[in-house]
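Trainee: Start counting the sequence shown at 1; every next residue gets the next number (full-length UniProt numbering). We put the beta carbon where it would ideally sit given N, CA and C, even for glycine. Here the structure is a predicted model, which means the values were calculated and not measured. Before I ask anything, let me first share the structure, which is written out below as structure tokens.
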Amino acid sequence: MTSVRVRGIYTTAVTQLLGENGLEVVQASGPIRERFDRSFEATPADVTIYTTRDRQGLEISGGSDAVETVCSQLEDVAIDAFRWDADVPRGAVFDAEVLEAGGGRGAPVDLGDGRRGYLKYDDVDGYVDAGNRYRVQVDEPTPPWDDDRPLVESTLEVEGGLCTISRDRTGVSAAVRGERGEELVGMTDLLSTDVPEGWGLRWRETAADADLEAMGEALEDGVDRLATLEDELADAPAEPGEPGELAEPRATAWLWFGRESRFTLDDARREVETTMVGHHRTKAADRAASAAVDFAEAVCGSPVTDGNPNGSFPFDAVSRQFGPATGDRLEIGHGKPDGRLISLGYGDVTAIDPDGKLTLERSMGSGGSYDALGTPKEDGDTAVTKFREGRWWYPTTYRGADGGTKGTYVNVCTPVELFPDAIRYVDLYVDVIKRPDGSVEVVDADELEAAVDEGLVGENLAEKAESVAEAVERALSK
Numbered sequence: 001m002t003s004v005r006v007r008g009i010y011t012t013a014v015t016q017l018l019g020e021n022g023l024e025v026v027q028a029s030g031p032i033r034e035r036f037d038r039s040f041e042a043t044p045a046d047v048t049i050y051t052t053r054d055r056q057g058l059e060i061s062g063g064s065d066a067v068e069t070v071c072s073q074l075e076d077v078a079i080d081a082f083r084w085d086a087d088v089p090r091g092a093v094f095d096a097e098v099l100e101a102g103g104g105r106g107a108p109v110d111l112g113d114g115r116r117g118y119l120k121y122d123d124v125d126g127y128v129d130a131g132n133r134y135r136v137q138v139d140e141p142t143p144p145w146d147d148d149r150p151l152v153e154s155t156l157e158v159e160g161g162l163c164t165i166s167r168d169r170t171g172v173s174a175a176v177r178g179e180r181g182e183e184l185v186g187m188t189d190l191l192s193t194d195v196p197e198g199w200g201l202r203w204r205e206t207a208a209d210a211d212l213e214a215m216g217e218a219l220e221d222g223v224d225r226l227a228t229l230e231d232e233l234a235d236a237p238a239e240p241g242e243p244g245e246l247a248e249p250r251a252t253a254w255l256w257f258g259r260e261s262r263f264t265l266d267d268a269r270r271e272v273e274t275t276m277v278g279h280h281r282t283k284a285a286d287r288a289a290s291a292a293v294d295f296a297e298a299v300c301g302s303p304v305t306d307g308n309p310n311g312s313f314p315f316d317a318v319s320r321q322f323g324p325a326t327g328d329r330l331e332i333g334h335g336k337p338d339g340r341l342i343s344l345g346y347g348d349v350t351a352i353d354p355d356g357k358l359t360l361e362r363s364m365g366s367g368g369s370y371d372a373l374g375t376p377k378e379d380g381d382t383a384v385t386k387f388r389e390g391r392w393w394y395p396t397t398y399r400g401a402d403g404g405t406k407g408t409y410v411n412v413c414t415p416v417e418l419f420p421d422a423i424r425y426v427d428l429y430v431d432v433i434k435r436p437d438g439s440v441e442v443v444d445a446d447e448l449e450a451a452v453d454e455g456l457v458g459e460n461l462a463e464k465a466e467s468v469a470e471a472v473e474r475a476l477s478k
């Protein structure tokens with residue numbers, strides 16, 4: 001049975017879904033142990049699931065087969081869930097070359113084959129200069145929609161849920177303070193597995209709940225993984241060479257959740273705990289929202305629907321508390337099915353309604369023409385885009401300085417989410433345009449078809465996109 005450690009805002013829902021499909025969740029946090037009517041072992045995990053820093057999805061890291069097993073249970077949670085495999089996975093080892101140095105807290109490094117990483121100066125002995133080479137390990141990978149580079153360190157370690165075995169440590173220590181920490185260090189001598197020479201062991205806070213048997217399993221698992229890593233590095237030169245990957249002992253996959261996925265996760269969470277409508281949608285919007293959501297659910301003890309009798313997402317309450325609001329500047333985060341996130345620029349919120357409608361205005365520069373419309377871009381042009389939370393499309397109307405219409409471009413996408421600092425969705429390629437002469441046309445349908453052939457867009461999602469485009473085309477033709 002595949003064992004999984006889960007952390008972050010999706011933990012309850014993911015724990016419920018994995019449990020329904022026969023996977024074992026281990027090293028559960030205190031709230032999870034309280035919510036579920038079952039026990040959770042403090043044993044090593046085959047896979048660890050982290051919520052991404054921007055709360056948009058999940059990182060799933062572990063053995064390749066185990067990661068595939070977990071992804072197969074979560075990647076189809078709803079029609080607007082996407083999965084990508086990382087080319088810079090957690091724990092991978094590279095020879096890296098510093099590209100430039102001198103500014104900030106660290107330096108960008110070349111990992112080979114077009115891959116980049118970020119190395120902090122504090123993690124390296126001596127002065128760092130462009131052209132320096134280091135052997136590094138990926139400490140924190142980054143999802144494809146994030147502009148940040150994966151964080152790498154110039155040390156080697158094997159990280160587990162209960163302990164970490166590291167080259168830059170000596171002896172045995174514990175992250176747990178006080179008497180329990182001293183017990184963990186002392187109990188290590190009772191384990192049948194020894195820490196390899198030249199490596200140090202540190203027990204993590206999760207080990208505080210582990211018994212001697214679980215500690216033994218964790219150390220044995222860590223030593224086995226360390227042996228695998230050393231075997232992969234056996235043929236590597238003693239000194240760092242040309243940038244490139246040397247070892248990939250673990251795999252990392254990324255899941256991005258759209259609006260429908262978050263509401264499906266709400267349903268799974270609701271089977272276990274009081275869950276307001278839009279629980280995950282609200283928590284994904286802003287870190288400050290988490291405490292507010294937890295408080296509301298704890299006080300009410302039942303789904304929060306006061307003033308919202310139909311049980312729909314309380315957009316007005318969420319936006320009034322956390323944003324967006326009229327006068328804000330929002331970025332249009334144009335996601336692509338291959339995992340990239342493209343910024344379409346920033347606009348000013350000129351209107352927002354309690355039911356989730358938002359109008360964004362942008363000033364356009366001159367040069368070139370508007371996609372598919374063929375009308376020229378000129379100084380003084382504006383783009384007026386109207387979004388609605390949860391809708392599968394949004395229109396942008398381009399106007400000249402004289403107020404005349406230069407055409408309308410309707411983007412078909414996964415359900416729109418209006419977060420406090422950005423508008424998010426994934427583009428589904430097919431779009432609908434209305435030219436200044438009134439003619440209407442569906443465009444880029446061939447790109448959607450190609451994306452299906454490449455496995456970037458599922459057939460059900462493609463059918464949905466096509467039906468949305470057809471409906472928009474009919475509406476614009478009237």
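(1) Give the secondary structure of Val195 by DSSP, where H, G and I count as helix, E and B as strand, and everything else as coil.
(2) Which value, in whole angstroms, describes the spacing of the CA atoms of Asn310 and Val277?
(3) Can you list, in chain order, the residues of its chain whose CB lies under 7 Å from that of Glu260, leaving out five sequence neighbours each side?
(4) Just to check, is the beta-carbon of Leu74 closer than 7 Å to a non-hydrogen atom of the ligand GTP?
(5) Let me make sure I understand the geometry here. Which of Gly186, Thr396, Asp379, Thr155 has the alpha-carbon closest to that of Ala92?
(6) So within the stretch 142 to 221, which uninterrupted alpha helix (DSSP H) runs reach at least 4 residues, ignoring any that extend past its ends?
(7) Nearest to Gly222 by alpha carbon, out of Ser166, Gly339, Ser3?
(8) Skipping 5 residues on each side, what residues in its chain have a beta carbon closer than 7 Å to that of Asp328?
(9) DSSP state of Gln321, grouped into three classes?
(10) Apply the 10 Å Cβ neighbour rule to Leu461 and answer buried if 16 or more other Cβ atoms are within range, or exposed otherwise.
(11) Using a Cβ-Cβ cutoff of less than 7 Å, which residues in the same chain neighbour Gly106 once the five nearest sequence positions on both sides are dropped?
(12) Here's the rule I'm using: 16 or more other beta-carbon atoms within 10 Å means buried, otherwise exposed. How should Leu212 be labelled?
(13) Kindly indicate which three-state DSSP category Gly455 falls into: helix, strand or coil?
(14) Give a yes or no on contact between the stretch 66 to 76 and the stretch 320 to 336, applying the rule of three or more CB pairs nearer than 8 Å.
(15) Could you tell me which residues DSSP pairs with Glu331 in its beta bridges?
(16) Would you call Leu341 buried or exposed, if buried means 16 or more other Cβ atoms sit within 10 Å of its Cβ?
(17) Below 8 Å, can you find three or more Cβ-Cβ pairs linking the stretch 133 to 148 to the stretch 179 to 195?
(18) Where do the ends of the alpha helix (DSSP H) carrying Asp267 lie?
(19) Are Asp172 and Leu151 touching if we call contact CB-CB under 8 Å?
(20) Out of Arg269, Arg177, Thr206, point me to the one whose CA is closest to Thr11's CA.
(21) Quickly, what does DSSP pair Thr414 with across the bridge? List them, please.
(22) Going along the chain, which residues of its own chain have a beta-carbon closer than 7 Å to the beta-carbon of Asp427, five neighbours each way excluded?
(23) Check whether the Cβ atoms of Ala130 and Ala101 lie closer than 8 Å to each other.
(24) Would DSSP call Lys283 helix, strand or coil?
(25) If you run the structure through DSSP and keep just helix, strand and coil, what is residue 514?
(26) Are the C-beta of Ile49 and some C-beta of chain C separated by less than 8 Å?
(27) How close, in whole Å, do the beta carbons of Gln16 and Val293 come, if the pair is a contact with beta carbons under 8 Å?
(28) Are the stretch 52 to 68 and the stretch 248 to 265 touching, with three or more C-beta to C-beta distances below 8 Å?
(29) Assign Gly307 to buried or exposed, taking buried as 16 or more other Cβ atoms, counted over all protein chains shown, within 10 Å of its Cβ.
(30) Are Val440 and Leu418 close, meaning C-beta to C-beta below 8 Å?
(31) Report buried or exposed for Cys300, applying the criterion of at least 16 other Cβ atoms within 10 angstroms of its Cβ.
(32) With three or more beta-carbon pairs closer than 8 Å as the criterion, would you say the stretch 381 to 389 touches the stretch 353 to 364?
(33) Run through the DSSP bridge pairs and tell me what Gly112 is partnered with.
(34) Buried or exposed for Glu454, please, with buried defined as at least 16 other CB atoms from any protein chain shown within 10 angstroms of its CB.
(35) Thinking C-alpha only, which one of Leu246, Ala227, Arg225, Leu226 is nearest Asp235?
(36) Just confirm the distance between the C-beta atoms of Thr382 and Arg399, as a whole number of angstroms; I'd bet it's less than 8 Å.
Mentor: If we stick to the structure as given:
(1) Here residue 195 corresponds to residue number 195 of the sequence shown, with the count starting at 1. Three-state result, Val195: coil.
(2) Reading the sequence shown from its first residue, position 310 is the one you call residue 310. Reading the sequence shown from its first residue, position 277 is the one you call residue 277. Reliability of the predicted coordinates at Asn310 is poor, the pLDDT of 43 falling under 50, and no value is obtained from them.
(3) Taking the first residue of the sequence shown as 1, we reach residue 260 at position 260. If we look at Glu260 and ignore the five residues flanking it on each side, its Cβ neighbours are Ala78, Ile79, Asp80, Pro415.
(4) As for the ligand GTP, it is missing from this structure, which has no ligand bound.
(5) The residue given as residue 92 occupies position 92 in the sequence shown. For Ala92, the closest C-alpha among the options Gly186, Thr396, Asp379, Thr155 is that of Thr155.
(6) Fully enclosed alpha helix (DSSP H) runs of 4 or longer: 178 to 187.
(7) What you label residue 222 is simply residue 222 of the sequence shown in a count that begins at 1. For the residues Ser166, Gly339, Ser3, the minimum Cα distance to Gly222 belongs to Ser166.
(8) What you label residue 328 is simply residue 328 of the sequence shown in a count that begins at 1. Result list for Asp328: Val349, in chain order.
(9) As a position in the sequence shown, residue 321 is number 321, starting the count at 1. Reduced to three states, the DSSP call for Gln321 is helix.
(10) In the sequence shown, the residue the question calls residue 461 occupies position 461. Residue environment analysis places Leu461 among the buried positions, since at least 16 neighbouring C-beta atoms fall within 10 angstroms of its C-beta.
(11) As a working note, residue 106 is residue 106 in the sequence shown. Once the five neighbours on either side are set aside, the close Cβ partners of Gly106 are Tyr118, Leu119, Lys120, Tyr121.
(12) Position 212 of the sequence shown, counted from the first residue, corresponds to residue 212. Leu212 comes out exposed.
(13) Here the question's residue 455 lines up with position 455 in the sequence shown. Reduced to three states, the DSSP call for Gly455 is coil.
(14) No: fewer than three Cβ pairs fall under 8 Å.
(15) Counting from 1 along the sequence shown, the entry for residue 331 is found at position 331. Under DSSP, the beta-bridge partners assigned to Glu331 are Tyr346, Ala422.
(16) Along the sequence shown, one-based indexing puts residue 341 at 341. With 16 or more other CB atoms across the displayed protein chains lying within 10 angstroms of its CB, Leu341 is buried.
(17) Contact between the stretch 133 to 148 and the stretch 179 to 195 is absent, with fewer than three C-beta pairs closer than 8 Å.
(18) The residue labelled residue 267 in the question sits at position 267 within the sequence shown. Counting along the chain, the alpha helix (DSSP H) containing Asp267 begins and ends at 259 to 270.
(19) Position 172 of the sequence shown, counted from the start, is the residue given in the question as residue 172. Position 151 of the sequence shown, counted from the start, is the residue given in the question as residue 151. Per the sequence presented here, residue 172 reads as Val, with Asp not at that position. For Val172 and Leu151, no; Cβs fall outside 8 Å.
(20) What you label residue 11 is simply residue 11 of the sequence shown in a count that begins at 1. The shortest CA-to-CA distance from Thr11 to any of Arg269, Arg177, Thr206 is the one to Arg269.
(21) By 1-based counting over the sequence shown, the position of residue 414 is 414. Its beta-bridge partners do not exist; DSSP assigns none.
(22) For this step, residue 427 is matched to residue 427 along the sequence shown. Correct list, in chain order: His334, Gly335, Lys336, Asn411, Cys413.
(23) Residue numbering aside, residue 130 sits at position 130 when the sequence shown is read from its first letter. Residue numbering aside, residue 101 sits at position 101 when the sequence shown is read from its first letter. Closer than 8 Å, so yes.
(24) Locating residue 283 in the sequence shown gives position 283, counting from the first residue. Correct three-state label for Lys283: helix.
(25) Since the first and last residues shown for the chain are 1 and 478, residue 514 lies out of range.
(26) The chain labelled as chain C is not found in the depicted structure, where only one protein chain is given.
(27) Counting from one through the sequence shown, the residue named residue 16 turns up at place 16. Counting from one through the sequence shown, the residue named residue 293 turns up at place 293. Cβ atoms of Gln16 and Val293 stay farther apart than 8 Å, at about 17 Å.
(28) Enough Cβ pairs lie closer than 8 Å, so yes.
(29) Here residue 307 corresponds to residue number 307 of the sequence shown, with the count starting at 1. No answer about Gly307 holds up, because its pLDDT of 44 lies below 50 and its placement is not dependable.
(30) Taking the first residue of the sequence shown as position 1, residue 440 is located at position 440. Taking the first residue of the sequence shown as position 1, residue 418 is located at position 418. For Val440 and Leu418, no; Cβs fall outside 8 Å.
(31) One-based indexing of the sequence shown puts residue 300 at position 300. Burial is judged here by how many other beta carbons sit within 10 angstroms of a residue's own beta carbon; Cys300 has fewer than 16 and is exposed.
(32) The stretch 353 to 364 and the stretch 381 to 389 touch, with three or more beta-carbon pairs separated by less than 8 Å.
(33) Taking the sequence shown and counting its residues from 1, the one referred to as residue 112 is at position 112. Gly112 pairs with Arg115.
(34) Counting from 1 along the sequence shown, the entry for residue 454 is found at position 454. By the neighbour-count rule (16 or more Cβ atoms within 10 Å), Glu454 is not buried but exposed.
(35) As a working note, residue 235 is residue 235 in the sequence shown. Looking at the Cα atoms, Leu246 is the closest of the given residues.
(36) Position 382 of the sequence shown, counted from the first residue, corresponds to residue 382. Position 399 of the sequence shown, counted from the first residue, corresponds to residue 399. The Cβ separation is near 5 Å, so the contact holds.
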